[in-house]
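Q: Chains as they are written, first to last, in the working numbering: chain C, 13 to 336; chain U, 566 to 893.
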Amino acid sequence: MSLLTVQNLKMYYPVRGGVLHRTKAVCKAVDGDSFALEEGETLGLVGESGCGKSTVAKSVVRLLKPTAGSVVFEGHDITRSRPGALRSLRRQMQMVFQDPAESLNPRHTVGQILEEPFVIQKLGTRGERGEWAAELLRRVGLPEDALGRYPFEFSGGQRQRIGIARALALKPRLIVCDEPVSALDVSVQAQVLNLLLELQTDFKLAYLFIAHDLSVVQHMSDRVAVMYLGKIVELAPAADLYRNPRHAYTKALLDAIPQANPSRRHERKLLKGDVPSPINPPEGCAFGHRMRHPRWKDSVGMDLNLREVSPGHWIQPCPCCADL
Amino acid sequence: MNEPLLEVRDLRVGFQTEQGLLTAVDEVSFTLESGKMMGLVGESGCGKSVTARTLIRLLEQPSGRVLKGEVLLEGRDVLSLPLEAMRRIRGNEIAMIFQEPMTALNPVHRVGHQIVENLLLHEEMSAQAALKRAVELMEWVGIPAPDERVNDYPHQLSGGMRQRVMIAMALSCNPKVLIADEPTTALDVTVQAQILDLIKRLQKETGMAVILITHDLAVVAETCDDVAVMYAGRLVERGPVETIFRNPLHPYTRGLIGCLPRLDHPPKTMLPIIPGMVPGLRDLPVGCRFAARCPNQHGNEVLGTRQPWKECGGGQGVEACACFANSI
Numbered sequence: 013m014s015l016l017t018v019q020n021l022k023m024y025y026p027v028r029g030g031v032l033h034r035t036k037a038v039c040k041a042v043d044g045d046s047f048a049l050e051e052g053e054t055l056g057l058v059g060e061s062g063c064g065k066s067t068v069a070k071s072v073v074r075l076l077k078p079t080a081g082s083v084v085f086e087g088h089d090i091t092r093s094r095p096g097a098l099r100s101l102r103r104q105m106q107m108v109f110q111d112p113a114e115s116l117n118p119r120h121t122v123g124q125i126l127e128e129p130f131v132i133q134k135l136g137t138r139g140e141r142g143e144w145a146a147e148l149l150r151r152v153g154l155p156e157d158a159l160g161r162y163p164f165e166f167s168g169g170q171r172q173r174i175g176i177a178r179a180l181a182l183k184p185r186l187i188v189c190d191e192p193v194s195a196l197d198v199s200v201q202a203q204v205l206n207l208l209l210e211l212q213t214d215f216k217l218a219y220l221f222i223a224h225d226l227s228v229v230q231h232m233s234d235r236v237a238v239m240y241l242g243k244i245v246e247l248a249p250a251a252d253l254y255r256n257p258r259h260a261y262t263k264a265l266l267d268a269i270p271q272a273n274p275s276r277r278h279e280r281k282l283l284k285g286d287v288p289s290p291i292n293p294p295e296g297c298a299f300g301h302r303m304r305h306p307r308w309k310d311s312v313g314m315d316l317n318l319r320e321v322s323p324g325h326w327i328q329p330c331p332c333c334a335d336l
Numbered sequence: 566m567n568e569p570l571l572e573v574r575d576l577r578v579g580f581q582t583e584q585g586l587l588t589a590v591d592e593v594s595f596t597l598e599s600g601k602m603m604g605l606v607g608e609s610g611c612g613k614s615v616t617a618r619t620l621i622r623l624l625e626q627p628s629g630r631v632l633k634g635e636v637l638l639e640g641r642d643v644l645s646l647p648l649e650a651m652r653r654i655r656g657n658e659i660a661m662i663f664q665e666p667m668t669a670l671n672p673v674h675r676v677g678h679q680i681v682e683n684l685l686l687h688e689e690m691s692a693q694a695a696l697k698r699a700v701e702l703m704e705w706v707g708i709p710a711p712d713e714r715v716n717d718y719p720h721q722l723s724g725g726m727r728q729r730v731m732i733a734m735a736l737s738c739n740p741k742v743l744i745a746d747e748p749t750t751a752l753d754v755t756v757q758a759q760i761l762d763l764i765k766r767l768q769k770e771t772g773m774a775v776i777l778i779t780h781d782l783a784v785v786a787e788t789c790d791d792v793a794v795m796y797a798g799r800l801v802e803r804g805p806v807e808t809i810f811r812n813p814l815h816p817y818t819r820g821l822i823g824c825l826p827r828l829d830h831p832p833k834t835m836l837p838i839i840p841g842m843v844p845g846l847r848d849l850p851v852g853c854r855f856a857a858r859c860p861n862q863h864g865n866e867v868l869g870t871r872q873p874w875k876e877c878g879g880g881q882g883v884e885a886c887a888c889f890a891n892s893i
């Protein structure tokens with residue numbers, strides 16, 4: 013059994029407006045996604061802004077209650093769990109946020125921040141909690157005297173280490189990392205990525221790793237899912253996906269990555285237009301619609317659930333964008 | 566050799582703060598020829614944006630001041646020009662685009678109006694002719710249906726479209742130098758590719774020179790002819806892009822290139838790192854500023870004296886710290 017199984021996840025937001033504040037439209041932030049995550053594995057999730065990556069992340073840890081679908085973690089469907097049951101499940105699943113400056117309480121010392129998970133879960137005595145917090149700091153490479161200091165006294169990279177330490181506190185089995193390095197400088201980014209890899213081996217952590225930087229995702233992931241406008245269009249082992257993308261959107265995305273190698277500059281086939289809005293998205297394959305593909309019409313009304321085209325390699329089987 | 570279009574000599578810029586004078590840019594020199602695209606790279610706080618803002622004299626006032634050096638645009642020192650003359654150069658001969666077009670554009674004016682404003686300021690033309698020109702410019706930078714978009718407000722456009730409007734505005738008076746300060750950092754990777762491609766195309770068409778400021782080395786590798794690397798207020802290395810990526814000399818440049826996750830690296834392996842973090846501007850040593858994070862063996866003398874600049878041929882130059890100078 014997988015550690016985490018997400019089935020047909022949907023998250024719709026009503027868009028209200030007008031004098032009476034009526035629902036005018038529906039924003040389909042996530043529209044019927046399914047995937048699974050094994051113990052100790054990293055699943056990368058990529059896509060452009062507004063494609064629903066963060067909504068998926070928040071639904072997985074039940075910071076959002078999805079409109080439909082199920083999220084099964086170790087056999088428990090957390091979309092149906094009661095608050096009490098959820099609290100004990102949250103020991104197993106934690107989150108690291110993009111901006112550590114905003115996700116750490118500025119009025120709490122680092123010690124308080126790191127002890128809070130234990131306080132919430134009613135674990136240990138005051139003395140034990142202090143020791144555990146110090147141990148966590150050591151584990152993420154910060155000095156112990158940081159315990160009495162406040163988040164603003166640290167650099168961005170150090171703050172992200174504090175955020176990671178907090179996520180580790182309850183010895184979770186899954187950590188959802190939502191853009192964990194995108195606010196960091198290049199030289200610090202590598203340090204934090206290395207730390208995440210080390211911790212994964214040491215604690216057999218599973219990561220759901222979200223980033224918009226495709227090189228970073230490729231470096232961190234075992235498998236990668238590509239999202240476009242609320243839907244996963246391709247899901248495959250990382251090496252396979254990057255070497256042999258089979259959905260037109262994945263190809264376009266990979267083609268747009270700048271390469272840090274000036275002797276290998278290439279002519280890019282540029283994608284035209286912007287990411288469309290998830291409010292009233294087009295029917296059928298949204299990317300085919302953006303590309304004005306002649307065969308887009310054929311995808312309307314089709315079953316667009318992912319289909320396995322080679323071992324472990326799943327794509328949305330639309331006639332316009334998929335290499336079947 | 567031709568006289569360069571833009572020459573920066575020994576530029577030192579500081580900010581008066583409560584903690585005293587902080588030097589954000591310390592004796593930076595480089596030249597830029599017309600038709601070239603130069604990348605200015607470095608991490609946050611290295612002084613790349615301050616350098617760029619000094620070129621166009623948009624330093625934050627009253628705290629920012631130029632302490633030393635000159636910026637020669639075709640031989641004229643931009644820094645000593647009276648304000649009135651500078652206003653004629655800014656937006657006309659040197660133009661700039663910014664990272665976040667939403668904050669650089671005025672939210673209460675139509676985008677067409679904002680392009681027209683620049684045209685009327687610098688060129689003798691009627692308001693009607695200017696508006697017509699604005700529509701042409703918007704078409705030129707790839708905005709679909711420009712005669713309708715010209716009446717839009719910035720919030721009605723997407724991030725990529727806003728950046729195109731900024732570019733149209735910047736290029737409205739055919740500048741000789743375009744300074745692009747992190748123009749694609751706020752954009753998605755596919756839109757980033759579109760905007761970089763647009764800047765390159767326009768550069769070829771107009772022959773202008775471009776200074777592209779970015780923290781992303783991959784963007785530089787894809788688009789620039791030359792690159793200058795800054796660290797803690799100093800230029801540590803510069804040269805043609807191919808040379809710098811093939812044979813970086815300064816340990817910082819090496820580290821920066823090495824620690825990028827690349828598509829051709831084996832995944833899930835430890836990345837080479839630069840230990841420590843970017844230093845603050847207070848308490849920087851006189852000598853090599855990278856010494857505290859440098860992997861090379863070095864004595865304390867590299868901290869006490871300014872390390873010499875060394876030209877290595879082929880346009881490559883480096884701050885030759887004693888820890889590696891002998892091996893060049």
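Just so it is clear, CB atoms sit at the ideal spot from N, CA and C, and this is done for glycine as well.
1) Buried or exposed: which applies to E689 (chain U), given that a residue is buried once 16 or more other Cβ atoms fall within 10 Å of its Cβ?
2) Check whether the stretch 118-126 of chain C touches the stretch 67-80 of chain C, taking contact to mean three or more Cβ pairs, one atom from each stretch, closer than 8 Å.
3) Assuming C888 (chain U) is part of the alpha helix (DSSP H), what are its boundary residues?
4) Closest to M661 (chain U) by C-alpha separation, out of U:P813, U:M731, U:H720, would be which residue?
5) If Q759 (chain U) and L282 (chain C) are in contact, beta carbons under 8 Å, what's the gap, nearest whole angstrom?
6) Which residue from U:P816, U:Y718, U:L587 puts its Cα closest to that of A857 (chain U)?
7) Starting from the C-beta of C888 (chain U), find all residues in its chain whose C-beta is less than 7 Å away, skip the five residues before and the five after it, and write them out in chain order.
8) Out of curiosity, what's the CA-to-CA distance linking Q110 (chain C) and L814 (chain U)?
9) At a CB-CB cut-off below 9 Å, which residues of chain C make contact with H720 (chain U)?
10) Starting from the C-beta of D252 (chain C), find all residues in its chain whose C-beta is less than 8 Å away, skip the five residues before and the five after it, and write them out in chain order.
11) By the criterion of Cβ-Cβ separation under 7 Å, what are the contact partners of E608 (chain U) in chain C?
12) Give the interface partners of E60 (chain C) over in chain U, defined as CB-CB distance under 9 Å, in chain order.
13) On a Cα-Cα basis, can you pick out the residue from C:L316, C:C39, C:E279 that is closest to R766 (chain U)?
14) So F215 (chain C) is in the alpha helix (DSSP H); what residue range does that whole segment cover?
15) I need the straight-line Cα distance from D829 (chain U) to V775 (chain U), nearest angstrom please.
16) Which word fits R854 (chain U), buried or exposed, when buried means at least 16 other C-beta atoms lie within 10 angstroms of its C-beta?
17) Rounding to the nearest angstrom, what Cα-Cα distance links P719 (chain U) and R811 (chain U) in this structure?
18) Taking the alpha-carbon positions, what's the M651 (chain U) to Q170 (chain C) distance?
19) Can you confirm whether S691 (chain U), when its beta carbon is compared against all beta carbons of chain C, has any partner nearer than 7 Å?
20) From what residue to what residue does the alpha helix (DSSP H) around Y219 (chain C) run?
21) When the Cα atoms are used, what is the spatial distance from K22 (chain C) to G242 (chain C)?
22) Can you pull the DSSP bridge partners for F810 (chain U)?
23) Kindly indicate which residue of C:L266, C:Q230, C:Y261 has the alpha-carbon position closest to the one of V287 (chain C).
24) Just list the beta strand (DSSP E) runs in the stretch 621-663 of chain U, keeping only unbroken ones of 3 residues or longer that don't cross its boundaries, in chain order.
25) Restricting to runs no shorter than 4 residues, where is the alpha helix (DSSP H) found entirely within the stretch 74-139 of chain C?
26) Classify T750 (chain U) as helix, strand or coil using the three-state DSSP reduction.
27) Could you please tell me which residues of the stretch 783-808 of chain U, in chain order, have their CB closer than 7 Å to any CB of chain C?
28) Excluding the 5 residues preceding and the 5 following I269 (chain C) in the sequence, name in chain order all residues of the same chain whose CB lies nearer than 7 Å to its CB.
29) Quick one: list the residues of chain C neighbouring V843 (chain U), beta-carbon separation under 8 Å, in chain order.
30) Between C:R276, C:Q201, C:P274, which has its C-alpha nearest G841 (chain U)'s C-alpha?
31) Would you give the residue range spanned by the alpha helix (DSSP H) that H301 (chain C) belongs to?
32) By how many angstroms is the C-alpha of T668 (chain U) removed from the C-alpha of C729 (chain U)?
33) Taking its Cβ as the centre, do 16 or more other Cβ atoms sit within 10 Å of S199 (chain C), making it buried, or is it exposed?
34) Going by C-alpha distance, which of U:L597, U:E682, U:V756 is nearest L743 (chain U)?
35) In the stretch 138-165 of chain C, which residues sit with their C-beta less than 7 Å from some C-beta in chain U, listed in chain order?
36) Could you check the C-alpha separation between K601 (chain U) and R277 (chain C) for me, to the nearest Å?
A: Reading off the structure:
1) exposed
2) no
3) 887-890
4) U:M731
5) 6 Å
6) U:P816
7) C859, N861, Q862, H863, V867
8) 34 Å
9) By Cβ distance, chain C contributes nothing, its closest Cβ being about 14 Å from H720 (chain U), past 9 Å.
10) S322, G324, H325
11) D197, V198, S199
12) D753, V754, T755, V756
13) C:E279
14) 198-215
15) 30 Å
16) buried
17) 42 Å
18) 43 Å
19) no
20) Looking at the DSSP string, Y219 (chain C) is not in any alpha helix (DSSP H); the run it does join, the beta strand (DSSP E), is 218-222.
21) 9 Å
22) Per DSSP, none; premise fails for F810 (chain U).
23) C:Y261
24) 629-638, 659-662
25) 95-101, 112-115, 122-132
26) coil
27) A783, V784, A786, E787, V806, E807
28) L226, S227
29) S167, D197, S199, V200
30) C:Q201
31) 298-302
32) Correcting the residue type first, residue 729 (chain U) is Arg in the shown sequence and not Cys. So the two alpha carbons sit approximately 14 Å from each other.
33) buried
34) U:L597
35) none
36) 17 Å
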